[in-house]
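The block underneath contains the structure these notes are about, expressed in structure tokens.
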Amino acid sequence: MDVGGWLRRLGLEQYEAVFRDNKIDDTVLRNLTAEDLKELGVGFVGHRRKLLDAIAALRAEVSAPAPLSHAPPKTRKAAKDTAERRQVTVMFSDLVGSTSLSARMDPEDLREVISAYQTCVADTVRRFDGFVAKYMGDGVLIYFGYPQAHEDDAERAVRAGLEAIAAVRALKFSVPLQARVGIATGLVVVGDLIGSGVAQERGIIGETPNLAARLQAMADPNAVIVAESTRRLLGNLFELKDLGPREIKGIPGCIGAWAALRPSLAEGRFEALHAGGLTELIGRQEELELLLRRWSKAKTGQGQVVLLSGEPGIGKSRLSAAVMERLAFEPHTRLRYFCSPHHQDSALQPIIAQLERAARFEREDTPEAKLEKLAALLAPVAPPPEDEALLAELLLLPTEGRFPPLSLAPQEKKEKTFEALLRQLQGLARQFPVLMIFEDAHWSDPSSREVFDHVVDRVRGLPILLVVTLRPEYAPPWVGLAHVTTLTLNRLDRAEGIALVRRIAGNKDLPDEIVDEIVERTDGVPLFVEELTKSALESAANDEGASFVARAPHPALAIPATLHASLMARLDRLGPWAKEIAQIGATIGRDFSYELLAAVADRRDAELHAALDQLADAGLVFRRGTPPQATYLFKHALLQDAAYATLLRKPRRDLHARVARGLAEWFPEKIEARPELLAHHCAEAGAIDEAAMYWGKAAQLAIRRSAMIEARNQLTRALSLLGTLAETPERSRLELDLQVALGGTLIATRGWAAPETGFAFARALELCERLRDTSQLLPTLYGQYVFHLVRAELRASHEVAQRALDAAQSTHDAAALVIGHRSVGISLIHLGKLDAARAHLEQAIGHYDPDTHRDLAFRYAYDPLVACKGYLASLTLTQMGYLDQALRRIDEAIAYAETLSHRPSTAFALLHACYCHFFRRDEGLLRQRAAALIAECSKQGFAFWLAGGGIYAGWSKVEGGDIEAGLRQLRDGLAKWRAAEASLLMPMHLVVLAEACLRAGQANDALAAVTEALACVERSEERVFDAQVHRCYGDVLLAQSDRNAAEAEGSYRHALEIARGQNARLLELRAASSLARLWRDQGKHGKARDLLAPVYGWFTEGFDTLDLKQAESLLDELAE
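Those letters in the sequence shown? Residues 6 to 1125, by the numbering used here.
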């Protein structure tokens, strides 16, 4: 290989001498490192990056099987001989009519035809970096995307197919030759070396090569047919003819097929690949304003250059488009130049293409017509004839007879052509301000760079804004000039990423967890956000409505096909050894330490250092520190995904097993702090029982941190893994522990009454009985008790609670007695047996020892002392008329909960504080506690308690006069409570709603609410609110009509009877007050006073509460 020529093709001819002086030949070249390049004097990072990429491409080259006219190559066995799973665009080319040719031609002549055909196709596809995998007589199998991926492999394949067909047609033989081509894209396993010698090939497994072959077989002569999978990657880069769905042998269903006719006349790649419209610009307002300020300055004659720099997909072209959108209605001339990876060796291609577009050349135009169009384009500037002739020659148009002959040496003609282009630009700028956009300058050819060197110099005195988009590895020589601004585009922040996802989703309601996953994995790169969002939307089960249902759990969102090639291209440029290290790092995780990588990789330090330096120099990982203390982070989560996805299942399992061993042997302290790391690797390695055990340990740590959602997810993973194992006593014992823990997390995150909560504890009880395990019996019974309780299955709940207390009393264990008395006490409250309930709760409090029982919160969803004091305050002491004692108890519950650092206990205490303040009619304190509850539950993900917070926050707003907003929030909270399948407390919540409706003057809605409350009481036997419901029913009847007085009086009397039977003094006072007001209005003052006075006289505390103040006022009124 000519190293000097190689450097010149890269545009780095300035290094020819130093490479020659240091004896760098083609064998040495392939092994140069970043340090070697520094020693050679390659100082610019951009130049080193370009050289390293090109060297990596050389390393990746693997000779294809030779055409018949050449000897077979020798294939070097290396790390890259390992098979991989990856996306490949497969092209299958076939010589049309070869069977008939064999019947008409001498075998030697036919051999020459086939050899020429094979060579023609191979030479054509190699120009587009296609890999000739196999010659099959008159067929050629070609891969794009293996062994070296490119971000535009599908485009390369179609361009190669069209050019190959044209090249075959141009072959000169006694008979005309024709070819046909089929192209398909998909995931395959590729890379195994099969056979030996001339028969050796790179095997490929998957549907894609079969599909490409079938499409080729159905193609007409001289046609290229592409599969739907390839079509989706092409945008409007080509003119395509839809051939409709086709049935293809061996492939289920119908497959869409398109005929590729020719490259399209789309103005630029960005527009062609966004044919469906541009996504709204988000997060780039400051950058857009800067560009517009530079435009304003340029219009005054102070020309400006802005270099828009950023990694692929960061939004350079989109920002350029935004500038054009803003200037659309402003007089100016727009000039756009597009560079392409396919034309880096085509001199002045961006400039030629711009002139052809501006002149509106058509394919069918004759040379004479094109000359006329060129003349019309140039006429406004009135260039000299020599300039017009030079530009005509640049466009390969005939000038004989139209212009005087140009007798110029090549270098002189080049310089004069450059001057003609610059004079044209100056002429345009004299008429209107000029916006020039030079897209993808990193792909520009050396001659175009030279032209733009002159343009940058000339614009400083002209009304021109030149916007150049480029990637960070390209450093043009204009950086640092006074009129040149470098604008580096950063990634979007989280809020901007979410906004972009929502905007792309449109009317599709993506769940928050899907949105979070997309934002997390795309790292703020707009293109990644856009493509991953579209991929998620395409997996929606309901495409017509506004709701979104994912077909797979969101962690299974695959890398979109539109990004796969781009990500793999970055990895393939590393070469096989560095790529292998990237795969090991990706197996470890998004971030990995040098020490763990070294333990797993089994490589010498020098090899590891070199590979990791290459990863860092290529911008694929960020490095922090120096080995062996260094840590590494993949620049993008999707890069990690891409590296990991190339591994086949067995190598992947083996790697995970090595990582698990490395973690266990060398980093036990890390496993103790983060057991989920080992759990993940054990699971992927197939060590299921160990994985489940470590997921369980991780969940226990999460529970102690009150990270209940994370704990729930970890336990679910563990149980899912156990489900794949045969049942043994050991497996059942582990499952029992996991089910009990899962039940606790489900209580906090899904709610007590959720079906999955009930299933977890029912399964746990089944395992307890099967294993005769008593250690988990109490938490299991407790879970079942709570499940029945919150579903208002009160008899079943009380029976289970009593069983738990009986078991506790047989053991004399203090903790068990706390749980048993608490459970029985709470079940008795809801049955309306307040005195007995109070006794049990007080006993539970008496057995509780803060020094030894604090950990019970982590086993029983929330702390039992907090629960007992909360229930004692909110639904026992308040009801019984001990309103000040209740206030002290609830304050104690909240204060103690805060000392535990156990967020579910805090949320529980705040919810019962809401109940307590509701019964005390303390709107101000209730508003504060409800706000605190909502904030806590929103932060922690406690959906069930969040619903309760909404109900009571809404009631406090209604009481405070914000009736409309309060009712809306109350109804929303009640709907969420129902959605949690909770029936407990529904009579009370419905009374809250009825009272709020009465306050709003909505008597009919109030009647509907209280009627439902009555039905709930009868259905569930939740008697604790019975008196409250009947009193409220009487109030609603009177609000509807005075004619309902008799029925209302009956309701009040019934409420009085119930309250007295329950010893519920507060509810007795309320019922007596309502009945006394009714009698007062009927003129029965004495009777009313005789009813209310003894009830009021019983109270010894709570005189600052609204109920007692109103009762006192009513008594004063009745005494007059």
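A virtual CB, placed ideally from N, CA and C, is assigned to each residue, including glycine.
{"Check": "Between R738 and W700, what straight-line distance do the alpha-carbon atoms span, to the nearest angstrom?", "Outcome": "15 Å"}
{"Check": "Determine the contact status of D134 and R161, defining contact as a CB-CB distance below 8 Å.", "Outcome": "yes"}
{"Check": "Between V67 and P152, what straight-line distance do the alpha-carbon atoms span, to the nearest angstrom?", "Outcome": "Because the pLDDT at V67 is just 37, under 50, the model does not fix this residue reliably, and the value given afterwards should be weighed accordingly. So the two alpha carbons sit approximately 8 Å from each other."}
{"Check": "Can you find the residues in the same chain that come closer than 6 Å, C-beta to C-beta, to P477, ignoring five residues on each side of it along the sequence?", "Outcome": "S314"}
{"Check": "DSSP three-state label for S552, please.", "Outcome": "Residue placement at S552 cannot be trusted, given a pLDDT of 43 that sits under 50; what the coordinates show is reported in the next sentence. If DSSP states are grouped into helix, strand and coil, S552 belongs with the strands."}
{"Check": "Measure the C-alpha to C-alpha separation of A746 and A697 and round it to an integer number of angstroms.", "Outcome": "13 Å"}
{"Check": "Under 8 Å between the Cβ atoms of V456 and L426?", "Outcome": "yes"}
{"Check": "Using the Cβ count rule (16 or more neighbours within 10 Å means buried), how would you classify I210?", "Outcome": "exposed"}
{"Check": "Output the boundary residues of the alpha helix (DSSP H) element that contains R932.", "Outcome": "928-945"}
{"Check": "Around the Cβ of T1105, are there at least 16 other Cβ atoms within 10 angstroms (buried) or fewer (exposed)?", "Outcome": "exposed"}
{"Check": "Taking only runs of the beta strand (DSSP E) that begin and end inside the stretch 473-551, which ones reach a length of at least 3 residues, in chain order?", "Outcome": "489-493"}
{"Check": "Would you please verify whether the beta carbon of L724 is less than 8 Å from any beta carbon of chain B?", "Outcome": "Protein chain content of the structure displayed is limited to a single chain, and chain B is not contained in it."}
{"Check": "Please report the distance separating the alpha-carbon of A271 from that of F443.", "Outcome": "16 Å"}
{"Check": "May I ask you to report which of helix, strand or coil DSSP gives K28?", "Outcome": "coil"}
{"Check": "Along the chain, where does the beta strand (DSSP E) containing G763 start, and where does it finish?", "Outcome": "No beta strand (DSSP E) holds G763; the alpha helix (DSSP H) holding it covers 760-776."}
{"Check": "Do you know how far the Cα of Q92 is from the Cα of P257?", "Outcome": "20 Å"}
{"Check": "Could you pull the start and end residues of the alpha helix (DSSP H) that I256 belongs to?", "Outcome": "Unbroken run through I256: none, as it is neither H nor E."}
{"Check": "Give me the Cβ distance between T94 and I170, rounded to the nearest whole Å; I'm assuming they're in contact under 8 Å.", "Outcome": "Not really, about 17 Å apart at Cβ, beyond 8 Å."}
{"Check": "In whole angstroms, what is the alpha-carbon distance linking I253 and L216?", "Outcome": "8 Å"}
{"Check": "Using C-beta distances below 6 Å, list every residue in its chain close to L471, excluding the 5 sequence neighbours before and after it, in chain order.", "Outcome": "V310, M441, V464"}
{"Check": "CA-CA distance, P451 and D350?", "Outcome": "8 Å"}
{"Check": "Quick check on DSSP: helix, strand or coil for I147?", "Outcome": "strand"}
{"Check": "Between which residues of its own chain and E21 is the CB-CB distance below 7 Å, once the five residues before and five after are set aside?", "Outcome": "G9, L12"}
{"Check": "Using the rule of at least 16 other Cβ atoms within 10 Å of the residue's Cβ for burial, across every protein chain shown, is C259 buried or exposed?", "Outcome": "exposed"}
{"Check": "Beta carbon of G590: closer than 7 Å to some heavy atom of the ligand SAM?", "Outcome": "Summarising the ligand content, the structure contains no ligands, and the ligand SAM is consequently not present."}
{"Check": "By how many angstroms is the C-alpha of F149 removed from the C-alpha of A88?", "Outcome": "16 Å"}
{"Check": "Quick check on D577: buried or exposed, where buried means 16 or more other Cβ atoms within 10 Å of its Cβ?", "Outcome": "buried"}
{"Check": "Kindly indicate which three-state DSSP category I442 falls into: helix, strand or coil?", "Outcome": "strand"}
{"Check": "Inspect the beta-carbon positions of L880 and I834 and report whether they are closer than 8 Å.", "Outcome": "yes"}
{"Check": "How would you write the range of the alpha helix (DSSP H) that M573 sits in, first residue to last?", "Outcome": "566-577"}
{"Check": "For Q807, report the span of its alpha helix (DSSP H) as first-last.", "Outcome": "799-816"}
{"Check": "Check whether the stretch 770-778 and the stretch 746-762 are in contact - that is, three or more C-beta pairs closer than 8 Å.", "Outcome": "no"}
{"Check": "How many angstroms separate the CA atom of L532 from the CA atom of G320?", "Outcome": "7 Å"}
{"Check": "Ignore the nearest five residues each way along the sequence and tell me which others in R267's own chain have a CB closer than 6 Å to its CB.", "Outcome": "E244"}
{"Check": "On the DSSP bridge list, what partners appear for S314?", "Outcome": "L475, T493"}
{"Check": "Just list the residues that DSSP pairs W263 with in beta bridges.", "Outcome": "V231, D247"}
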